[in-house]
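Engineer: Counting in our numbering, the final residue of the sequence shown is number 1569, and the numbers go up one at a time with none missing.
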Amino acid sequence: MEPVVVVGPDPDGEGPAEASLTDPRKMASAPSVLAFINTNPWDSFPDARGRRNRRWHSGQPVDIHSLAGTRGKMRSSMNPSNTSVWFDAGGRVRFGHQPDDEPVEATNGFQVILSNGALTVGEGGDRHPRTAIGSDRNGEVLWLVVVDGRQGGYSEGMNMHELASVMKGLGCWTATNMDGGGSSVMGLRDRDGTMKVVNSPSDRFLGRVRIRPLPMVLTIRATRGARD
């Protein structure tokens, strides 16, 4: 299997927008995709009065925050940071990057929550839906975690300390908190070959779960030869 970042269409080329919001299931629709999760934080652009439209809709142009790219081509870049989560040419996951690094697949999170096997966040804090990426000491084993939240009687979500504790319990040596809230989503391809969202995203429309459009996702794909 291999990690591949999928970024939504670029609506303005060299302009300020880095992606158009797209249904994550569409971005993960290639037959080789086995799973996907959301990744980077992002936001809309302010209008002439400084107001931002956060009633997210497909096709909306947005700014991806921090490092984002695929196949070695960065759609969004940033100065060196310890919150980036990227993959090298050998498919090994790395956390944090320096100017001379050459990410092949690149994403970025909000905060490192586990480093060298130790929690880096204190107890307490608000509970929300969360997405996290973690790995073992060698960057050879990858954990993708999505926590539901904001749903009374089902799931309140987690604070950072609780999330970090889960990642450590899974066996992670390093872990980063990615974008969360209504963006937290995980999809898996079932035995029938259908890609399905397997968590319960917190956005709602007319009382039903609404899958929020996103600027990008991290997919896990079958390597060539294992699946067309």
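We put the CB at the ideal spot given by N, CA and C, even for glycine.
Taking the alpha-carbon positions, what's the G1413 to D1442 distance?
Structural biologist: 11 Å
Engineer: In terms of residues, what are the limits of the beta strand (DSSP E) holding H1438?
Structural biologist: Start and end: V1434 to H1438.
Engineer: Suppose contacts are defined by Cβ-Cβ distances below 8 Å. Is P1344 in contact with I1552 by that definition?
Structural biologist: Their beta carbons are not under 8 Å apart, which means P1344 does not touch I1552 by this criterion.
Engineer: Relative to the C-alpha of S1456, which candidate in S1373, E1446, R1435 and R1471 has its C-alpha closest?
Structural biologist: Its Cα nearest to that of S1456, the residue R1435 stands out among S1373, E1446, R1435 and R1471.
Engineer: What are the start and end residues of the beta strand (DSSP E) that includes S1524?
Structural biologist: From DSSP, S1524 is part of no beta strand (DSSP E); its letter is neither H nor E.
Engineer: For Q1439, count the other beta carbons within 10 Å of its own beta carbon; 16 or more makes it buried, fewer makes it exposed. Which is it?
Structural biologist: exposed
Engineer: Output the distance between the C-alpha atoms of V1486 and I1474, rounded to the nearest integer angstrom.
Structural biologist: 6 Å
Engineer: Taking only runs that begin and end inside the region 1443–1467, name each unbroken beta strand (DSSP E) of 3 or more residues, in chain order.
Structural biologist: 1446–1449 and 1452–1456
Engineer: Quick one: give me the first and last residue of the alpha helix (DSSP H) that M1557 is part of.
Structural biologist: Careful: M1557 lies outside any alpha helix (DSSP H), inside the beta strand (DSSP E) at M1557 to R1562.
Engineer: Using alpha carbons as the reference points, say which of V1462, E1464 and R1396 lies closest to P1387.
Structural biologist: Ranking the options by Cα distance to P1387, first place goes to R1396.
Engineer: Buried or exposed: which applies to E1446, given that a residue is buried once 16 or more other Cβ atoms fall within 10 Å of its Cβ?
Structural biologist: Classification of E1446: buried, given that the 10 Å Cβ count is 16 or more.
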